Amino acid sequence: SQTIHQWPATLVQPVGSPLSLECTVEGTSNPNLYWYRQAAGRGLQLLFYSVGIGQISSEVPQNLSASRPQDRQFILSSKKLLLSDSGFYLCAWRTGGPNTEAFFGQGTRLTVV
Amino acid sequence: AQSVAQPEDQVNVAEGNPLTVKCTYSVSGNPYLFWYVQYPNRGLQFLLKYITGDNLVKGSYGFEAEFNKSQTSFHLKKPSALVSDSALYFCAVRDRAGGYQKVTFGTGTKLQVIP
Chain A
1 SQTIHQWPAT LVQPVGSPLS LECTVEGTSN PNLYWYRQAA GRGLQLLFYS VGIGQISSEV
61 PQNLSASRPQ DRQFILSSKK LLLSDSGFYL CAWRTGGPNT EAFFGQGTRL TVV
Chain B
1 AQSVAQPEDQ VNVAEGNPLT VKCTYSVSGN PYLFWYVQYP NRGLQFLLKY ITGDNLVKGS
61 YGFEAEFNKS QTSFHLKKPS ALVSDSALYF CAVRDRAGGY QKVTFGTGTK LQVIP
């Protein structure tokens, strides 16, 4: 069966520090991968998605970047965190078919102080 | 363009009563529609989806949803609410046209089941 791992679960970082959140998927190949941010426990904002290794689409220009160095690995990064980067970050995957549902990781609660 | 609206920020229902969480959508073609549930500080979990065929879709935990093309709606329902159903519910849509890789989520509806 397929599983998705996202870590860390919580993170407190000072303003100006770098960020690296990692997401890995097991039990499937060539998944579509997604990073979302959820602010104030409500709406989901799509940040990045990837349909293959090295292929990253950015939805919202901001202080973050994403990379996909391996088929089932998706990394969210920042060189210098801002206070506004605080939030709940969710990684998700789905197969490439248009009618397939997404499977989400457990999320990372990031607090920038 | 595709969009989805969840008009209620919060729905309160007594335990044992039927519940409805509303969702309307807008797509240029025909939709794929999804419902997800989120418990506090957790990721979203898939509940059910509408692809084609029967307008009434049954999913996990006794939930079902009815696709209504004329009203562009996909309301989530359950005949008898449980306290454990209290969570945040998200409706999502993907337009069938254009090989679109992205899904649009609604803003979420908080369901509170009162004992």
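Protein sequences appear in the order of chains A and B.
First residue of the first sequence: 1, per my numbering; consecutive thereafter.
First residue of the second sequence: 1, per my numbering; consecutive thereafter.
Just so it is clear, CB atoms sit at the ideal spot from N, CA and C, and this is done for glycine as well.
Computed from a prediction, not measured in an experiment: that's the story for all the values here.
Using C-beta distances below 8 Å, list every residue in its chain close to Leu92 (chain B), excluding the 5 sequence neighbours before and after it, in chain order. One detail in the question is off: residue 92 (chain B) reads as Ala in this sequence, not Leu. The beta carbon of Ala92 (chain B) lies closer than 8 Å to those of Val4, Leu33, Phe34, Trp35, Tyr36, Val103, Thr104, Phe105, Gly106 in the same chain, with the five residues before and after it left out.
Based on the DSSP secondary-structure assignment, which residues constitute the bridge partners of Arg72 (chain A)? Beta-bridge pairing links Arg72 (chain A) to no other residue.
Could you name the residues of the region 56-89 of chain B whose beta carbon sits closer than 9 Å to any beta carbon of chain A, in the order they occur along the chain? Answer in chain order: Leu88.
Work out the CA separation of Leu111 (chain B) and Ala65 (chain B) for me, nearest whole Å. Taking the straight line joining both Cα atoms gives about 15 Å.
Measure the C-alpha to C-alpha separation of Thr10 (chain A) and Phe63 (chain B) and round it to an integer number of angstroms. So the two alpha carbons sit approximately 31 Å from each other.
Buried or exposed: which applies to Asn30 (chain A), given that a residue is buried once 16 or more other Cβ atoms fall within 10 Å of its Cβ? Exposed is the call here.
Determine, using beta carbons only, whether Gln2 (chain B) and Asp95 (chain B) come nearer to each other than 8 Å. It is a contact, given that the beta carbons lie within the stated cut-off.
Let me check one thing: in DSSP terms, what residues is Ser58 (chain A) bridge-paired to? Paired residues: A:Phe48.
Just curious, the beta strand (DSSP E) that Lys79 (chain A) is in, first and last residue? Per DSSP, Lys79 (chain A) is not a residue of any beta strand (DSSP E), being assigned neither H nor E.
Any idea what DSSP makes of Tyr36 (chain A), helix, strand or coil? Residue state, collapsed to three classes: strand.
For Tyr89 (chain A): DSSP bridge partner residues: DSSP, once it has assigned bridges, lists A:Arg37, A:Thr108 as partnering Tyr89 (chain A).
If we cut at 8 Å on Cβ distances, does Ile114 (chain B) have a partner in chain A? At least 8 Å separates the CB of Ile114 (chain B) from every CB of chain A.
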